[in-house]
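Take a look at the structure below.
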Amino acid sequence: MKKVLVIGSTVVDVIIYLDHLPKTSEDVHVLRQTMSLGGCAYNVSDMIRLFEVPYTLFSPVGHGTYGHFVREALKEKGVTTPLPTPDQDNGCCYCFVEASGERTFICHHGAEYLFYPEWFSLLDPDEIDSVYICGLEIEETTGGTVVEYLENHPAYQIYFAPGPRIHIISGELIERIFDLSPILHLNETEATTFTGASTVEQAAHVLYERTKNTVIVTLGEHGAYYDDGTHAAHIPGVKANQVDTIGAGDAHMGAVISRLKQGASIEQAIADANRICAAVVETDGALLTRERFLELTKKA
């Protein structure tokens, strides 16, 4: 089996639990705080790792306090990245989790979001058949470098999770990515606001007509909807006791990629991803332990 190339960031998630977000000049107390590996690309790659699908994490790790944390945590997990250390500090993501479980991110971007042309020469394209990208890296000043690499390898199957940055990325870069016929993965709000459609079904169809490939729209607790041009269906969600929603979308994307690589149908891949996503929602932070993952997959 060829590898999935996961392009993007690995950061420190500083997760701060509190009753509610403060208003201007209000004082609130933190209930507890944790630090863990995070970042969309890392979260996706960790799910792929759990499914034991071969992958390469193509993620720069910078200097500074957060860079040191990331480097040591990756080493502890036995995860490597082929990239050199940029001469710049790593950033982090402050994740504020309210009592409801909803999260608010404040991100400090650093070395982890920037990619340079010479780095891509470190890859063997014959080992790769699939690539994950998200909107955060494409939005940055070097986003065009990532897109150019993909354009130079048109045989790759691209999985694109633009996130809310779909409204910020330049239209030219979005169109270039769409021209590569990616499998799109986005949530209901992103899909409907970007297309101007009034329903998820309409939004997915509009996006399919543009990319000519499968569009997956996540619906939170209600599961997900997909349109692959031939079939379209709603795949029900799995009930969950919400702790926080950090990394839920990333876990869903990583599970879909993994199951499709393993030969599952799109409906089975989404159903499995819905179950995984529900487990992440019930977990502190973005990552599942191997024990919890094995428990879930044995039930399948």
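0 is the number of the first residue of the sequence shown in numbering that gives the first Met the number 0; add one for each residue after it.
Even glycine gets a Cβ: it sits at the ideal position worked out from N, Cα and C.
Looking from the CA of residue 185, the closest CA among 249, 287, 53 and 67 belongs to 249. Taking C-beta atoms as the reference points, residue 145 and residue 47 fail to come closer than 9 Å.
Secondary structure of residue 254 (DSSP, three-state): helix.
Residue 34 has 13 as its beta-bridge partners, per DSSP.
The C-beta of residue 18 has fewer than 16 other C-beta atoms within 10 Å across all chains shown, which makes the residue exposed.
Sixteen is the threshold: since fewer than 16 other Cβ atoms of the shown chains lie within 10 Å of the Cβ of residue 30, the residue is exposed. Ranking 262, 271 and 42 by CA distance to the CA of residue 58 puts 42 first.
Contact check between the segment 129-136 and the segment 161-175: three or more CB pairs, one atom from each, fall below 8 Å, which counts as touching. Closest in alpha carbon position to residue 20, among 61, 105 and 63, is 105. Looking at the DSSP output, residue 56 sits in a beta bridge with 5.
In this structure, the alpha-carbon of residue 51 lies about 15 Å from that of residue 271. For residue 62, the closest alpha carbon among the candidates 204, 287, 87 and 201 is that of 87. Boundaries of the beta strand (DSSP E) around residue 102: 102-107.
Uninterrupted beta strand (DSSP E) stretches at least 3 residues long and entirely within the segment 145-201 occur at 156-160 and 182-186, given in chain order. Classified as buried, residue 252 has 16 or more neighbouring CB atoms from the shown chains inside 10 Å of its CB. Sequence-distant partners of residue 212 (beyond 5 residues in either direction) whose C-beta falls short of 7 Å from its own C-beta, in its chain, are 180, 181 and 182. Here residue 128 carries a strand assignment [DSSP, helix/strand/coil].
By alpha-carbon distance to residue 14, the top candidate from 128, 94 and 275 is 94. With a cut-off of 8 Å on Cβ pairs, the segment 252-265 is not in contact with the segment 277-293, counting fewer than three such pairs. Taking residue 220 as the centre and dropping the five residues before and after it, the same chain places the C-beta of 236 closer than 6 Å to its C-beta, in chain order. C-alpha of residue 113 to C-alpha of residue 75: approximately 24 Å in a straight line. Assignment of residue 223 by DSSP, reduced to helix, strand and coil, places it in the strand class. Remark: C-beta atoms of residue 205 and residue 246 do not approach each other more closely than 9 Å. Distance from the CA atom of residue 208 to the CA atom of residue 178, rounded to whole angstroms, is 11 Å. In the three-state DSSP reduction, residue 115 falls in the coil class, being neither helix nor strand. Inclusion of residue 216 and residue 187 in the CB contact set at 9 Å is warranted, their separation being smaller than that value.
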